[in-house]
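Add 3 to a position in the first sequence, counting from 1, and you land on the number used in the working numbering.
All residues carry an ideal CB built from backbone N, CA and C; glycine is no exception.
Below you'll find the structure, written out as C-alpha cells, and then a few comments.
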Amino acid sequence: MGVRTRMAPSPTGEYHIGSMRTMLYNYALAKKEGGQFILRIEDTDRERFVEGATERLMDVINAYGLNWDEGPRVGGPHAPYIQSERLETYKEYANQLVESGHAYYCFCSKERLDTLREEQRKAGMPSTKYDKYCLNLPKDKVKENLDAGLSYVIRLNVQADQEISFDDKVLGHITFPSKDVDDQVLLKSDGFPTYHLGVVVDDHLMEVNWVMRGVEWLPSTPKHILLYKAFGWELPTYAHLPLLKEKGDTKKLSKRMGSVAAHEFLLDGYLPEALINFLMFLGWNPGTEKEIYSLDEFVKDFSVERIQKTDLVVFDRDKLAWYNGQYIRMLSAQDLWERLKKWMSEYDQQPEYKMEDTYSIKVQSLVQDRMRVFADFLPLTNYFYIDFDCPVELLVAQSGSESRAKEILETFYNLLKELSVENWHSKFLDELCHRIISEKGYKPKESFMTLRVASTGQTATPPIFDIIELLGQEKTLSRIENAKNLLK
RNA sequence: GGCCCCAUCGUCUAGCGGUUAGGACGCUGCCUUCUCAAGGCAGAGAUCGCGGGUUCGAACCCCGCUGGGGUCACCA
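Quick look at the structure:
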C-alpha cells in the first residue's frame, strides 16, 4: 500500500489559511508517492458546529485547486467520511477498549471534575489530571449506573509507568512519560467521540499511514499512540509542522492583523496558484533558489526531510502580495481578463459601469504591471470608463500657477483638436506633444503632468499617451476642455 | 507552573566541521522616464541567542543557560 494522507477539518467556521498549508503538504506527499489524499470531516463537536461550514470548506479547498481522492462528494472505499455518520463505529471500538481494560466508564459530573481540578491547582500540583475515581468503581456499581441510564463518558486508562516515544519525521525522536498523560475522554456523554478516539479509529480504518499536522498536536500524540497500542494497530508515521504567526507578533496567526480565512484571500483577488506557491514556502523549501513553483512542480519536489524544524513561521503578507504580482504578470492578456471577469462576478465586485471586452483588455494591458491583486484593477482604471470631477488644486500644482496650467491645456487642446483619427496613437501623440512643448518652452514634467491630471484626475497612472490613445480624441478633448474651464 | 518542541539578516530561509555565511520578500540608491509601477543594476542588513566544552578548525557535534512557542477540556 502506498502513502495515504488525510486532512480532517472541523466545520466550526471559516477555513483557516494555515490549515490550507497543512493540507497542501499532505496533498503533495500523497501525490508524490502515488498514494491517496483523503478528506474527512470531523464534526464531532456539536456546540461549535456551524451550519453550512462543511460545504463552504470543501468549496474553498477546491477553489485553491486541491482535490481529494476519497472523501465527501467523491466517496471512496471507506465511506462515510463524515464522522457524525460513523457514531456506531466509535462506540463499538470504545466498548472494545473497555472490555480489554484499556478504558473505563466514568460517571463523574462536570462539577466534580471542576472542583477536582481546582483542588489540584490549589495543592500546587504541576498539572491537573483526572484522579481515576471511576476506574475503581465495582463492576456491579458500573452496571447499576448504566442500567439506571446515568450519563457517562469512556476514558482511556493510562498506565503511569511507561515511556511513549516515536520518531517524528520533522522533529526527530520524541519521548513522553506516560505519567503526564491524562485519562483522556474517548467517548463523550452525547455519544460522540472526542477528537482522539475519532482520529485514531478513522485513520486506522481508512488506512491512513502518514499523519502530518501542526505542532499544536504534538502533546496529544502520546494519547494517540497509546490508543494504537491498545487496539494493537500499526502506528502511522508522524510529522509535525511549524505553526504560522503574524509578522511583528509572537503568537500564532490571528484575525487581528488581517484575514486568516482562506476564502477572504480569494475575495481580495489573490490567485489560488499564487496563494499555493506562497503557502508551500511556509516551512518548506526546495534547497535551490527557485521561488516560483506550480502545484505540480511542488508535488514533484516536495519532501518531508526539507520541512523546517522551527516552531513558528511568519505569514508575510508582503511576500504574498509579491507572489501575486508575479502571477498576474505571467498571465496572458486574454487569461487575465477572463479571470478578472470571473473574479468580479463570483465575488460580487462588478462596477456600476459596463466594461467592453476588447477595450478593457487594452486598458488592462496598461495596468497589468501595476496590479498586485485583482481588487486593484477597478481603482486603477475607473477613469477609462467614467468621468470624474477634475481636482483643480492638483491640476494647478503641476505647473505652479493657474494661468500656466490653463495655457498648457490650451496648447494641448488646440494641437490635439486638429489631429486626424489615423494619427491618434500613442507614438505619434508622444512625438507631437514633445515637439510642441519644446517650441513653447514648457517643461516636459509640468506639461505632461498637467495633461495627466486633466485626463485622468490622478498623478500616478500609466504613460499618458497610452492613456489618451485609448480614451480617444473626443473624450480626451472634452476632458481637457473641462479642466481648462475650471481655471481662470 | 508541569510536559514537549524550537533558535542563521526585520521576515522566509540555504548551510549539514574549513564558505568573502548564499538567495528571496521588504528597505535604500542608481538606470529608464511625463508620474506611478514593472524590469535591470548596486547597496545596507546576520560578531549565526548566550556561556562552556569536543576539535588543528564549529552556524554546524555535546552540555548548560536564556529566550520564544505549543499544550495541559465531555474543543478540535
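First and last residue of the uninterrupted alpha helix (DSSP H) at residue i
i: Ser2; result: It is not possible to answer for residue 2, since the shown part of the chain is limited to 4 through 491.
i: Arg373; result: Taken as a continuous stretch (DSSP letters only), Arg373 belongs to no alpha helix (DSSP H), as it is neither H nor E.
i: Glu147; result: Lys142 to Asp150
i: Ala264; result: Unbroken run through Ala264: none, as it is neither H nor E.
i: Phe301; result: Leu298 to Asp304
i: Thr459; result: Pro447 to Thr459
i: Leu27; result: Ile20 to Lys35
i: Phe380; result: Phe380 to Tyr388
i: Leu315; result: Careful: Leu315 lies outside any alpha helix (DSSP H), inside the beta strand (DSSP E) at Leu315 to Phe318.
i: Met283; result: Pro275 to Met283
i: Cys137; result: Per DSSP, Cys137 belongs to no alpha helix (DSSP H) and is neither H nor E.
i: Ile471; result: Ile467 to Leu474
i: Ile295; result: Neither: Ile295 is in no alpha helix (DSSP H) and is coded neither H nor E.
i: Asp433; result: Ser429 to Lys443
Integer-rounded CB distance, given that residue j should sit under 8 Å from residue i
i: Leu246; j: Leu315; result: 5 Å
i: Met260; j: Glu276; result: Not a contact, Cβ separation roughly 24 Å.
i: Asn327; j: Tyr273; result: 5 Å
i: Pro225; j: Ser257; result: About 28 Å; that fails the 8 Å criterion.
i: Gly460; j: Phe380; result: In fact, because the Cβ distance is near 17 Å, the residues do not count as touching under 8 Å.
i: Thr8; j: Leu32; result: 5 Å
i: Glu578; j: Gln39; result: Summary: the structure shown does not reach residue 578, with the chain confined to residues 4 through 491, and so no result is reported for it.
i: Ala264; j: Glu17; result: 4 Å
i: Leu419; j: Thr479; result: 6 Å
Endpoints, the beta strand (DSSP E) within which residue i is located
i: Lys248; result: Leu246 to Glu249
i: Gln39; result: Gln39 to Leu42
i: Asp170; result: Glu166 to Asp171
i: Thr253; result: Per DSSP, Thr253 belongs to no beta strand (DSSP E) and is neither H nor E.
i: Leu153; result: Segment: none, Leu153 is in no beta strand (DSSP E) and carries neither H nor E.
i: Arg9; result: Arg7 to Met10
Near the ligand NAD: residue i beta-carbon under 7 Å from a heavy atom
i: Lys132; result: As far as ligands go, the structure on display features none, and thus does not contain the ligand NAD.
Residue i versus the options, residue with shortest Cα-Cα distance
i: His81; options: Met209, Glu405, Tyr273 and Glu276; result: Met209
i: Gln99; options: Leu230, Asp433, Ile483 and Asn288; result: Leu230
i: Tyr136; options: Met128, Ala106 and Asp164; result: Ala106
i: Val196; options: Ile228, Gly444 and Ser87; result: First, the residue type needs correcting, since residue 196 is Pro and not Val in the sequence shown. Answer by Cα proximity: Ser87.
i: Gly55; options: Gly38, Thr15 and Asn70; result: Thr15
i: Leu432; options: Ile471, Gly444, Gly403 and Gln461; result: Ile471
i: Glu50; options: Thr131, Ala233 and Lys191; result: Lys191
i: Lys132; options: Glu95, Pro239, Thr92 and Val188; result: Val188
i: Lys34; options: Gly194, Glu237 and Ser306; result: Ser306
i: Leu244; options: Ala264, Ser223, Ala457 and Glu219; result: Glu219
i: Gly403; options: Thr479, Leu490 and Gln371; result: Leu490
i: Asp46; options: Ser13, Met128 and Tyr67; result: Ser13
i: Arg158; options: Met347, Gly104, Tyr445 and Gly175; result: Gly104
i: Phe281; options: Tyr388, Asp360 and Tyr28; result: Tyr28
i: His437; options: Phe468, Val456, Tyr108 and Lys487; result: Phe468
i: Leu482; options: Glu405, Tyr386 and Asp193; result: Residue identity differs from the one stated: residue 482 is Arg in this sequence, not Leu. Closest option to Arg482, Cα to Cα, is Tyr386.
i: Met61; options: Ala31, Asp48, His19 and Arg89; result: His19
i: Tyr93; options: His199, Ile310, Val399 and Ser130; result: His199
i: Ser2; options: Leu138, Arg120 and Asn139; result: For residue 2 there is no data in the structure shown, the boundaries of the chain being 4 and 491.
i: Ala97; options: Tyr362, Val202 and Ile177; result: Val202
i: Thr253; options: His227, Glu425, Phe268 and Phe318; result: Phe318
i: Val370; options: Ala463, Gly5, Glu484 and Lys142; result: Ala463
i: Tyr84; options: Gln367, Glu405 and Ile44; result: Ile44
i: Lys448; options: Asp338, Phe301 and Val399; result: Val399
i: Tyr30; options: Glu58, Asp48 and Ile64; result: Ile64
i: Ala66; options: Asp360, Leu278 and Gln353; result: Leu278
Beta bridge counterpart(s) of residue i as assigned by DSSP
i: Arg216; result: His243
i: Leu159; result: Ala106
i: Arg332; result: Per DSSP, none; premise fails for Arg332.
i: His207; result: Its beta-bridge partners do not exist; DSSP assigns none.
i: Leu489; result: In DSSP, Leu489 forms no bridge with anything.
i: Thr224; result: For Thr224, which the question treats as bridged, DSSP gives no partner whatsoever.
i: Ile310; result: Trp287
Alpha helix (DSSP H) runs contained entirely in the region 390–422, provided each spans 4 or more residues: Fully enclosed alpha helix (DSSP H) runs of 4 or longer: 395–400 and 405–420.
Ordered list of beta strand (DSSP E) runs contained in the region 174–198, each at least 3 residues: Segments of the beta strand (DSSP E) lying fully in the region 174–198: 175–180 and 188–190.
Segments of 3+ residues assigned as beta strand (DSSP E) that fall wholly inside the region 37–125: For the region 37–125, whole beta strand (DSSP E) runs of length 3 or above, ordered along the chain, are 39–42 and 106–109.
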